[in-house]
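Sequence order for the protein chains is L and W. Using numbering that gives the first Met the number 0, you'd call the opening residue of the first sequence number 0 and step up by one each time. Using numbering that gives the first Met the number 0, you'd call the opening residue of the second sequence number 0 and step up by one each time. Don't be surprised by glycine CBs; every beta carbon is placed ideally from N, CA and C. Have a look at the structure below before the remarks.
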Amino acid sequence: MKVVVCVKQIPDPADPGALDPESNTLKRDAKLILDESDSYGVEMALQLVDTAGEGSVHLVSMAPNNEVGGLRTALAMGAESATLVSDEALKGTDALGTAKVLAAAIQRSEPDLVLAATESSDGYTGTVPEMVAELLSLPSVTFAKSIAIDGGNAKVQRQTEAGYDDVECPLPALVSVTAGVVEPRYPSFKGIMAAKSKPVDEVTVGDLGIDAGSVGWAGGGQEIVSVVDAPAREAGEVIEDEGDAHERIVSFLEELKVL
Amino acid sequence: MGLDKIWVFGEANGDAVATITLEMLAKAREIADTVEVFMAGDGDDYAEELGDHGAETVHATGDLDGVMQGVAVASAVAAAIEGGVDAPNAFMLGTTQDGRDVAARLSVKLDAPVITNVVDLEVDGDDVLGNEPVFGGTVDVKTKNTSGKPGIFLVRPKSFAAESSGGAEADVEDLDVPDLGAAGAARVTDTFAEESDGPKLDEAAIVVSGGRGLGEKDAYALIEDLAKAVGGAAGASRAIVDAGWVPYSYQVGQTGKVVKPTVYIAAGISGATQHLVGMKGSKNIIAINKDPEAPIFAVADLGIVGDVHKVLPKLIEALNS
């Protein structure tokens with residue numbers, strides 16, 4: 000079974016940076032790391048291949064530069080190889096442009112299953128996986144909280160507002176997974192060493208047959224017209240618990256007349 | 000006024016129209032002359048309620064027989080537009096599982112961008128702008144659709160107040176689903192609800208949420224006990240949902256539910272951006288956390304620097320006595 004996992008390399012969420020004042024897009028000049036949300040998809044792929052007893056896990060990612068730090072993390076977890084679409088023209092690409100690039104890159108490996116996170120931690124549009132499915136004419140199940148492969152079918156529990164749905168989907172298919180769907184493994188030392196020599200195929204948008212003008216900020220069909228600081232919420236009273244803080248909470252609730 | 004026409008994606012909970020749909024209708028009729036709904040399922044079941052909230056027409060696919068809404072509804076809308084139905088200036092969809100699926104598939108079909116995480120829309124001449132908060136709500140960004148196609152806007156829940164317009168029952172029109180091919184092959188085979196007892200998380204006047212600071216799964220009982228004592232609903236940070244302590248339906252945040260209760264009590268929650276986005280709109284916020292530097296204190300009206308394992312049992316006892 001061939002599984003492709005879409006992964007994103009993002010600025011460290013502990014230090015998310017700022018918007019570039021010229022383009023109003025998120026600055027990505029600091030070191031990029033593997034989006035934690037994607038580690039669940041990588042782990043799920045590894046487990047499904049393991050259960051199937053055969054197959055491989057391939058990564059697909061894109062970046063405006065040739066950053067591979069995050070990809071190496073996923074390779075160290077056990078993925079076999081990666082394709083990085085690396086092109087200056089990708090700077091500022093929106094969700095639809097991203098999906099077009101990823102779909103073209105995924106198509107080359109003819110996978111049985113495409114996995115992705117439901118949303119990235121930095122852009123969180125939550126639309127790219129379903130767009131990729133539409134571009135590849137694949138059936139899709141988003142927000143998966145569990146996946147089992149049964150012959151040529153994926154059996155998925157899909158989160159809903161109220162609980163979950165059981166969904167059955169013939170392969171090839173795309174499934175987006177929620178955080179927590181599996182416990183991502185930590186790369187072993189051996190894995191980290193092995194990852195250094197695993198193949199990362201760097202391609203440009205041109206290599207994928209995509210017109211550079213259709214991606215990037217210009218290709219997006221949307222324009223940021225203003226960026227302003229939101230009115231800050233005023234911080235209130237902060238007290239240290241000396242064993243009686245619960246009394247202050249009770250009186251606070253009483254003042255609000257909610258009890 | 001503003002736009003000629005907006006189409007709002009309709010969602011339902013059983014017999015009732017989903018709150019997010021009614022919220023969007025309130026905004027849509029403020030900025031457009033004509034408001035119509037497109038949805039999966041039987042339009043007749045919802046025509047009265049949708050009409051009462053300003054929808055003139057409901058375009059409904061009928062029963063989808065388990066086919067995923069994303070592919071079915073998006074394909075039906077694209078086919079209708081291709082078939083000559085008068086396209087709207089903008090689509091509004093809720094930031095829900097199905098709303099995102101429909102928006103994403105529609106975006107590809109129409110080659111139009113999706114503007115996401117929108118909390119407000121405004122009309123500027125012929126243009127529609129979406130307002131979206133970024134960096135945990137510290138910065139507001141306005142994005143204009145410049146694609147020359149109808150804008151597709153994914154709207155966050157609780158952005159607008161649902162309000163009856165007193166409108167007449169909406170007309171129901173068929174939204175035919177074309178042959179979906181392989182893309183339509185996924186089927187829902189069963190549906191499960193895992194709602195807890197008591198008031199619903201996104202409707203409760205008081206919400207009590209727990210996070211990693213609880214230390215272990217069993218300590219979540221403190222959150223449930225406190226919620227019960229104040230007649231509120233129990234929620235959770237993403238960290239403990241990911242850890243498997245409570246189901247996803249408890250999650251408050253960017254992913255998960257947006258809540259705006261009268262009082263929000265965050266216990267053992269540090270206040271990651273992901274969480275703040277889902278609860279910052281609460282009228283009053285009480286935070287209990289060991290770490291005085293926790294970002295949650297920056298938004299709290301009352302902050303208690305202390306151990307949840309000590310404060311919560313005493314609080315529950317005081318409230319119950």
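*Are the C-beta of W:I303 and some C-beta of chain L separated by less than 8 angstroms?*
For the purposes of this step, residue 303 of chain W is taken as the residue at position 304 of the second sequence. Taking 8 angstroms as the threshold, the shortest C-beta distance from W:I303 to chain L falls below it.
*Helix, strand or coil at W:I295 according to DSSP, with G and I counted as helix*: The residue labelled residue 295 of chain W in the question sits at position 296 within the second sequence. Helix at W:I295.
*Decide if the segment 293-300 of chain W is in contact with the segment 146-154 of chain W; the criterion is three or more beta carbon pairs, one per stretch, under 8 angstroms apart.*
As far as the Cβ criterion goes, the segment 293-300 of chain W does not touch the segment 146-154 of chain W, which means the pair count is below three.
*asked:* If distances are taken between C-alpha atoms only, which option among L:G91, L:A81 and L:A88 comes closest to L:R107?
replied: Against the first sequence, residue 107 of chain L aligns to sequence position 108. Of the candidates L:G91, L:A81 and L:A88, the one whose C-alpha sits nearest the C-alpha of L:R107 is L:A81.
*Is any beta-carbon of chain W found at less than 8 angstroms from that of L:I32?*
Position 33 of the first sequence, counted from the first residue, corresponds to residue 32 of chain L. Closer than 8 angstroms: no.
*asked:* List, in chain order, every chain W residue whose beta-carbon is nearer than 9 angstroms to that of L:C168.
replied: Looking up residue 168 of chain L in the first sequence gives position 169. Result: M67, A184, A185 and R186.
_Between which residues of its own chain and W:V101 is the CB-CB distance below 7 angstroms, once the five residues before and five after are set aside?_
Sequence index remark: in the second sequence, residue 101 of chain W carries index 102 (1-based). Excluding sequence neighbours, W:V101 sits near F8, Q68, G69, V72, A73 and L92.
*asked:* For L:C5 and L:A115, which I take to be in contact (beta-carbon distance under 8 angstroms), what is that distance rounded to the nearest angstrom?
replied: Taking the first sequence and counting its residues from 1, the one referred to as residue 5 of chain L is at position 6. Taking the first sequence and counting its residues from 1, the one referred to as residue 115 of chain L is at position 116. Yes, L:C5 and L:A115 are in contact; Cβ-Cβ is about 4 angstroms, under 8 angstroms.
*Give the C-beta separation of L:V100 and L:M61 to the nearest angstrom, bearing in mind that I take them to be a contact with Cβ-Cβ under 8 angstroms.*
In the first sequence, counting from the first residue as 1, residue 100 of chain L sits at position 101. In the first sequence, counting from the first residue as 1, residue 61 of chain L sits at position 62. The Cβ separation is near 5 angstroms, so the contact holds.
*Determine the direct distance from the alpha carbon of L:V84 to that of W:L105, and round the result to whole angstroms.*
The residue given as residue 105 of chain W occupies position 106 in the second sequence. The residue given as residue 84 of chain L occupies position 85 in the first sequence. Rounded to the nearest angstrom, the gap between the Cα atoms of W:L105 and L:V84 is 25 angstroms.
*Using a beta-carbon distance cut-off of less than 9 angstroms, what residues from the segment 281-302 of chain W approach chain L?*
Residues passing the 9 angstroms Cβ filter: K282, N283, I284, I285, A286, I287, P291, F296, A297, V298, A299, D300, L301 and G302.
_Where the alpha helix (DSSP H) through L:F251 begins and ends_ = Taking the first sequence and counting its residues from 1, one reaches residue 251 of chain L at position 252. Boundaries of the alpha helix (DSSP H) harbouring L:F251: A244 to E254, taken from the DSSP string.
_Taking 8 angstroms as the threshold (beta carbon to beta carbon), is L:R184 in contact with chain W?_
Numbered from 1 along the first sequence, position 185 holds the residue referred to as residue 184 of chain L. L:R184 does not count as touching chain W.
_Distance cutoff 8 angstroms, beta carbons only. Does W:Y247 sit that close to anything in chain L?_
Translated into the one-based positions of the second sequence, residue 247 of chain W becomes position 248. Judged by the 8 angstroms Cβ criterion, W:Y247 is in contact with chain L.
*In its own chain, which residues sit with a C-beta less than 6 angstroms from the C-beta of W:E223, not counting the 5 before and 5 after it?*
Numbered from 1 along the second sequence, position 224 holds the residue referred to as residue 223 of chain W. Answer for W:E223: A233, listed in chain order.
*Could you tell me whether the Cβ atoms of L:E167 and W:T188 are closer together than 8 angstroms?*
Position 168 of the first sequence, counted from the start, is the residue given in the question as residue 167 of chain L. Position 189 of the second sequence, counted from the start, is the residue given in the question as residue 188 of chain W. In terms of Cβ geometry, L:E167 and W:T188 form a close pair [threshold 8 angstroms].
*Outcome for W:N88 when other beta-carbon atoms lying within 10 angstroms are tallied against a minimum of 16*: If you number the second sequence from 1, residue 88 of chain W lands on position 89. Under this definition W:N88 is a buried residue.
*For W:M23, count neighbouring Cβ atoms within 10 angstroms of its own Cβ and tell me buried if that reaches 16, exposed if not.*
Taking the first residue of the second sequence as position 1, residue 23 of chain W is located at position 24. Classification of W:M23: buried, given that the 10 Å Cβ count is 16 or more.
*For my contact list, W:V122 and W:E131 are in at a C-beta cut-off of 8 angstroms; report their separation, rounded to the angstrom.*
The sequence position of residue 122 of chain W within the second sequence is 123, counting from 1. The sequence position of residue 131 of chain W within the second sequence is 132, counting from 1. With a contact defined as Cβ atoms closer than 8 angstroms, W:V122 and W:E131 miss out at about 16 angstroms.
*Could you check what DSSP says for W:L174 in three-state terms: helix, strand or coil?*
Along the second sequence, one-based indexing puts residue 174 of chain W at 175. W:L174 falls in the coil class under three-state DSSP.
*asked:* Just to make sure I have the definition right: I need the residues of chain L whose C-beta is within less than 7 angstroms of the C-beta of W:P112. Which are they?
replied: The sequence position of residue 112 of chain W within the second sequence is 113, counting from 1. Per Cβ cutoff of 7 angstroms: D93, L95, G219, G220 and Q221.
_Contacts that W:D139 makes with chain L (C-beta to C-beta distance below 7 angstroms)_ = Looking up residue 139 of chain W in the second sequence gives position 140. What W:D139 touches in chain L: V227 and A229.
*According to the neighbour-count rule (16 or more other Cβ atoms, all chains shown, within 10 Å of its Cβ), is W:F159 buried or exposed?*
The sequence position of residue 159 of chain W within the second sequence is 160, counting from 1. Here W:F159 is buried. Its C-beta has 16 or more other C-beta atoms within 10 Å.
_Segment contact, 8 angstroms Cβ cut-off, at least three pairs: the segment 235-253 of chain L with the segment 39-54 of chain W_ = No, because fewer than three Cβ pairs between the segment 235-253 of chain L and the segment 39-54 of chain W fall closer than 8 angstroms, the two stretches do not touch.
*Straight-line gap, W:T115 to W:D139 (C-alpha atoms, nearest Å)*: Position 116 of the second sequence, counted from the start, is the residue given in the question as residue 115 of chain W. Position 140 of the second sequence, counted from the start, is the residue given in the question as residue 139 of chain W. Cα to Cα, W:T115 sits roughly 13 angstroms from W:D139.
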